[in-house]
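Single-structure report; data block below.
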Amino acid sequence: MSEEFWRPDRAALAGGRAPVYVATKLFEYAGRMLSAAVEEALVRGLRRGLATQGLRSAGNLAFLPFRDSNEAVDPTVTDSAIITAQIYAIDTDAIRRSYAVVALLNDPQKDSGVCFEVGYAAALGRPIMPIVNDFIDYRYDPWGWVYPLDPVLCALAPAILKEGSIPAPGPGDRRRLYRRAQDAGITSLQERVANAGSELVRAPEQFIGGHPAPNPPGERPRLHLEFGGGLYEWQRLLLAEALRRLDAANLPCEITASRRYESPDADLGAAINADIAATIGAEIVVTLGDGADIDAGVAALQGLARGHDRRIILYYSGATRWVAASRDPENRNLMLEQSADLLIRSLDGLPDAAMRLLTIGVPSGDTGRAGAGAGRT
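What follows is the structure, given as C-alpha cells:
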C-alpha cells in the first residue's frame, strides 16, 4: 500500500477529492472541541494557500474522524461488529486519499489511534503535521535528549507545530481572566494552524519526514517483535519471554526485536531508525498492546507496518475492554485492533499465531481486507 510515487496534488485538494485528514482524540468533549477549532483554522489556511496558487476551493478540504466517519456509516447496518469495521475502513481510506495529515497529540498519555494514523500516513509518504499544545517536553535519560513527543513519532513526523503558551491573565477577577486566557491561547493556536495550512499548500514537501528503507530480505521470512523498545523493565521481561517461546517453537523464520532504549551508550536516533527499518523489513510484526492504552511508539510503528502491508499480531493480556453503546466491546483502540490480523491474549498463543500467518496466511493490506479486524487466538 505504500505509495512510493505519490505526490501532493493541490488540484485534488482544491476539488475536494483529497481532504486533509485531522487525526484527533474522539472520546471526550475536550478532544472533539479542540479538533473542531483546529479544523476551522486549518480550512481557512488551506483556502488562503490555494488562492495564492490560483486555485479555488470547492469545499471538503478537511476530513474529521468521528464526525465524518459516523456520518458515512451505512445507516441500515445494525451489526455493531460491521459498524466498527466500516469506521476503520472509512478512516484508513480517508488517509489514503488525503493530501496531508494533521495530528493532535496532547497529554503524556497519547491517543494510540492518532499515533497509529501518523505511522500509517508516514508509510504512504503523506505530509504530516503533528500539533502539540502541551507545555511539557520529555527528557530521555540517560541520553539527556529532550523530545516534544515519543521519539518514534518525532522520527516519522518531524514537522511539529508546538504552541503551548498561554497569555498571563493580568490583574482582575482571576476566574474570569483565567478562562479568557485559555480562549486567547486557542486563538493563538488557530492562527498558527492557519498559517501552517497555507504552508501545506505552498510547500508540502517540508512536512514529509521520510523514514529509513526496510531491511533487505533474507533467505527466510522475518518476524519482528515491537514491544516498546525496552524503555521499561516490564517490556524487556515480556520480550525475553516471547523470544524464549518463539525460539522453543523452532519456527521457519528469522526473529528480530526492537531494542532502541536498551543501549544507553548507543546513539538513540540511530537506534530508532534501526527499529523502524527492522519493523517494515519483516513480513510479520508482533506488537505489545498492554497498558491503559498502547505505547505511542508501538502504535505508530504498527500503523507504519500496516501502511506497508505487513501482517500484524497484536498481543494484549489485559482483563478490561473499551465499551461504546454503538459498537462491540473492544480490547484496544479501534484503529489498532481492526488493523491486526490476529489478536492473542497470552504469550502461550504466540508461536501458533506466528505459524498460522507463516503457513496458512491471512490477507494483508487494508485495500483488500477493508478493516476485517483481528481474529482471536
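So the sequence shown is residues 37 to 413, counted in this note's numbering.
Glycine is no exception: its CB is placed at the ideal position from the N, C-alpha and C atoms.
*Since Ile131 contacts Val137 with CB under 8 Å, what's their CB separation in whole angstroms?*
6 Å
*Under the criterion of a Cβ to heavy atom distance below 6 Å, does Ile172 qualify as lining the ligand NAD?*
The ligand NAD is not part of the structure shown, which contains no ligands of any sort.
*Roughly how many angstroms lie between the CA atoms of Arg346 and Cys289, to the nearest whole one?*
15 Å
_Quick test of the definition: if touching needs 3 or more C-beta pairs under 8 Å, does the region 256-264 touch the region 108-115?_
no
*Kindly indicate which residue of Phe102, Leu282 and Gly90 has the alpha-carbon position closest to the one of Pro387.*
Leu282
*C-alpha gap between Leu287 and Met391, whole angstroms*: 7 Å
*Go through its chain and collect everything with a Cβ distance to Gly200's Cβ below 6 Å, but skip five positions before and after it.*
Asn169, Asp170 and Phe171
*asked:* Spatial neighbours of Leu340 within its chain, please: C-beta separation below 8 Å, excluding the five flanking residues on both sides.
replied: Gly155, Tyr156, Ala158, Ala159, Leu192, His247, Ile312, Thr315 and Ile316
*To the nearest angstrom, how far is it from the Cα of Tyr124 to the Cα of Ala360?*
15 Å
*Go ahead and pull the three-state DSSP assignment for Trp42.*
coil
*Taking all protein chains shown into account, do 16 or more other C-beta atoms lie within 10 angstroms of the C-beta of Ile396, making it buried, or fewer, making it exposed?*
exposed
*Any idea what DSSP makes of Ala328, helix, strand or coil?*
coil
*Where Pro187 sits in the DSSP three-state scheme*: helix
*Alpha carbon to alpha carbon, how far is Thr356 from Leu78? Give it in angstroms, no decimals.*
37 Å
*For Trp179, does the three-state DSSP call read helix, strand or coil?*
Coil at Trp179, not helix or strand.
*Expressed to the nearest angstrom, what Euclidean distance is found between the alpha-carbon atoms of Ala98 and Leu370?*
21 Å
*Between the C-alpha atoms of Pro55 and Tyr135, what's the straight-line distance to the nearest angstrom?*
6 Å
*Do the CB positions of Ile119 and Val109 come within less than 7 Å of each other?*
In contact: Ile119 and Val109 (Cβ atoms closer than 7 Å).
*Is it the case that the Cβ atoms of Leu140 and Ile164 are separated by a distance below 7 Å?*
no
*C-beta contact flag for Pro101 and Asp127 at 7 Å*: Yes. Within cutoff.
*With C-beta atoms as the reference, is Phe243 less than 7 Å away from Ala195?*
yes
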